[in-house]
Amino acid sequence: MNFRYCIQVLFATWNVNSLNARLPRVTEWLEMCEPDVVCLQETKMADDAFPALGFKELGYEAVHKGEGRWNGVAILSRVGLEKPVFDFSPELDTQARIVGAKCGGVDVFSVYVPNGRALDDDHYQFKLRWFAELRQYLDSNCDPSSDLIIAGDWNVAPEDGDVWDIGAFEGFTHVSEPERKAVQSIKDWGLMDTLRARFPRQEGLFSYYDYQAGRFHKRQGMRIDYVLSTHSLAERAKVDLVDRNARKGTKPSDHAPVLTYFED
DNA sequence: ATGTCAACCCGAGGTTGA
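The numbers in our numbering rise by one with no breaks, and the one at position 56 of the first sequence is 61.
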């Protein structure tokens with residue numbers, strides 16, 4: 006099966022902040038939303054703990070790149086999953102932050118970009134190098150005229166309107182110019198942020214809310230998770246949304262799923 | 001509310017990372 010021949014494909018990305026802790030919520034959400042392809046981040050588990058059988062029962066093939074306590078990324082697909090990619094480059098592979106697979110004829114990558122911690126921290130430099138190597142990987146191995154999606158937790162708010170109060174982020178990561186340029190260079194390769202394209206000036210499209218200080222209820226969040234797709238796919242994107250409901254209730258992740266619905 | 005959560009150390013609560 007190919008996206009091109011599908012009547013509809015629902016694509017999603019979700020940082021679940023521990024798949025172990027989130028499995029009941031993830032299962033419930035899959036049964037309710039019935040997405041076709043899902044990128045997961047922060048599974049925080051080793052490969053041998055990944056519940057592939059449970060996903061199989063729900064109709065999904067899966068690929069997982071885990072390391073145990075931290076990070077961990079996965080792709081679920083019920084439109085086929087082949088040619089998994091685990092090896093990218095030295096910087097990209099130091100932690101379990103990117104995995105790829107061909108799903109329904111589309112190259113899909115689930116990414117969990119390094120947080121960076123602080124502007125003067127070594128982890129911030131690692132984050133910028135990580136972005137640079139991702140761009141290099143795309144240049145060397147992928148074709149911007151093909152059907153390709155990179156989705157995940159980018160840990161960067163591309164615009165001031167992607168955080169609840171830009172003044173509160175002065176001097177912090179996620180909004181700095183080098184980080185934003187790094188995201189732009191990924192987009193410049195040939196990818197479109199379809200949610201932002203659909204709602205150019207809409208505020209409050211947040212995908213992440215800190216657990217602390219009642220941020221979710223005060224609607225004080227950040228838009229750091231997004232679906233980037235090549236133009237051939239982006240022109241087939243008919244709906245883009247953040248599922249705020251998944252951030253509510255008992256034991257939620259601190260991130261909400263971001264969905265894009267593709268239709269011919 | 002200095003306001004949370006999760007995994008790991010282990011067998012309570014501190015540490016790490018987000």
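Glycine included, every Cβ here is placed at the ideal spot set by N, Cα and C.
Item to complete: Could you pull the start and end residues of the alpha helix (DSSP H) that W34 belongs to?
Response: Here residue 34 corresponds to residue number 29 of the first sequence, with the count starting at 1. W34 -> alpha helix (DSSP H) spans L24 to C38.
Worksheet item: Residues bridged to V21 by DSSP?
Response: Along the first sequence, read from residue 1 onward, the residue named residue 21 stands at position 16. Note: V21 is not bridge-paired with any residue in the DSSP secondary-structure output.
Discussion item. For the region 76–84 against the region 47–56, do three or more pairs of beta-carbon atoms, one drawn from each stretch, fall closer than 8 Å, so that the two count as touching?
Written reply: As far as the Cβ criterion goes, the region 76–84 touches the region 47–56, which means the pair count is three or higher.
Discussion item. Using 8 Å for Cβ pairs, my map puts E268 next to K243. What's the rounded Cβ distance?
Written reply: Numbered from its first residue, the first sequence carries residue 268 at position 263. Numbered from its first residue, the first sequence carries residue 243 at position 238. With 8 Å as the limit, E268 and K243 qualify as a contact, their Cβ atoms being about 5 Å apart.
Worksheet item: With a CB to CB cut of under 7 Å and the five nearest residues on each side skipped, what residues in its chain are close to Y129?
Response: In the first sequence, counting from the first residue as 1, residue 129 sits at position 124. Contacts found: G121, R122, A123 and T178.
Worksheet item: Thinking just about the alpha-carbon of each residue, which of R252, D245, A187 and I103 is nearest to the one in L200?
Response: Against the first sequence, residue 200 aligns to sequence position 195. Considering only alpha carbons, the answer is D245.
Worksheet item: How do the region 138–155 and the region 84–103 stand: do at least 3 beta-carbon pairs fall below 8 Å, yes or no?
Response: Flag = yes, the region 138–155 and the region 84–103 touch.
Practice prompt. Pick out whichever of E62, L133, R134 and L81 has its Cα sitting closest to the Cα of G272.
Written response: This structure gives no information on residue 272, because the portion of the chain shown stretches from 6 to 269.
Worksheet entry | Closest residue to K70 among D53, W159 and K61 (Cα-Cα distance) | As a position in the first sequence, residue 70 is number 65, starting the count at 1. Checking every option, the nearest Cα to that of K70 belongs to D53.
Worksheet entry | CA-to-CA distance, P89 to V116, given in whole angstroms | Mapped onto the first sequence, residue 116 falls at position 111. Mapped onto the first sequence, residue 89 falls at position 84. Between V116 and P89, the C-alpha separation is close to 14 Å.
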